[in-house]
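Notes to accompany the following structure.
Residue numbers (the working numbering): 88 to 235.
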């Protein structure tokens with residue numbers, strides 16, 4: 088009986104480990120065109136890491152967001168997967184004038200921030216949300232504010 092329970096427990100751990108490994112391998116940082124520092128469009132910034140479970144869970148909604156708003160907002164991805172990607176992200180944050188956001192939310196993976204393009208103020212924070220309607224509401228509000 089103990090042997091069967093041990094085998095079942097081991098099998099469960101193995102399955103969970105394999106599922107996580109598969110998710111990790113499939114969870115590359117989204118590729119977005121390099122944003123140009125501009126003030127006429129909101130910024131939508133994703134804090135990503137390949138090992139982040141929330142990033143894995145929200146991958147589909149980010150793809151929807153890219154398709155729906157990629158031409159109307161500037162999309163930025165900061166990748167915290169390892170020291171190398173984090174340093175690249177830090178350099179990009181500096182280039183875009185987003186050092187404060189980067190430092191204030193450092194490592195808060197699984198989060199998306201909608202910022203005013205002019206002031207770089209965070210308008211909305213979404214943490215691990217898988218509901219596209221929440222993103223749409225935040226982005227549409229930022230687009231409306233940007234037009235003023």
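All C-beta atoms, glycine included, are put in the ideal place defined by N, C-alpha and C.
Where residue i and residue j are concerned, what is the direct C-alpha to C-alpha distance, given to the nearest angstrom?
i	j	result
residue 226	residue 203	10 Å
residue 134	residue 231	24 Å
residue 131	residue 170	23 Å
residue 144	residue 215	8 Å
residue 163	residue 141	17 Å
residue 217	residue 154	16 Å
residue 222	residue 182	25 Å
residue 161	residue 208	14 Å
residue 191	residue 129	19 Å
residue 174	residue 90	48 Å
residue 229	residue 137	28 Å
residue 105	residue 159	Residue placement at residue 105 cannot be trusted, given a pLDDT of 49 that sits under 50; what the coordinates show is reported in the next sentence. The alpha-carbon atoms of residue 105 and residue 159 are separated by roughly 38 Å.
residue 186	residue 147	27 Å
DSSP on residue i, reduced to helix/strand/coil?
i	result
residue 134	strand
residue 166	strand
residue 193	coil
Below 8 Å on the Cβ atoms is my guess for residue i versus residue j; work out the distance and round it to an integer in Å.
i	j	result
residue 197	residue 139	5 Å
residue 179	residue 165	7 Å
residue 193	residue 151	Not quite, the Cβ-Cβ distance comes to about 27 Å (not below 8 Å), so this is no contact.
Using a Cβ-Cβ cut-off of 6 Å (strictly less than) and excluding sequence neighbours within five positions of residue i, which residues of its own chain qualify?
i	result
residue 211	201, 225
residue 195	134
residue 172	166
residue 88	none
Might you give, ordered along the chain, the residues of its own chain that have their beta carbon closer than 8 Å to the beta carbon of residue i, omitting 5 neighbours on each side?
i	result
residue 126	204, 205
residue 188	132, 180, 200, 202, 207, 209
residue 213	198, 199, 200, 201, 221, 222, 225
Within a Cβ cutoff of 7 Å, which residues of the same chain sit near residue i, ignoring the five residues on either side of it in sequence?
i	result
residue 157	none
residue 177	189
Beta carbon of residue i: closer than 8 Å to some heavy atom of the ligand ADP?
i	result
residue 222	With respect to the ligand ADP, the structure offers nothing, as it holds no ligand at all.
- Task: Could you tell me which uninterrupted alpha helix (DSSP H) segments, each at least 4 residues in length, are contained entirely in the region 183 to 233, listed from first to last along the chain?
- Result: 186 to 191
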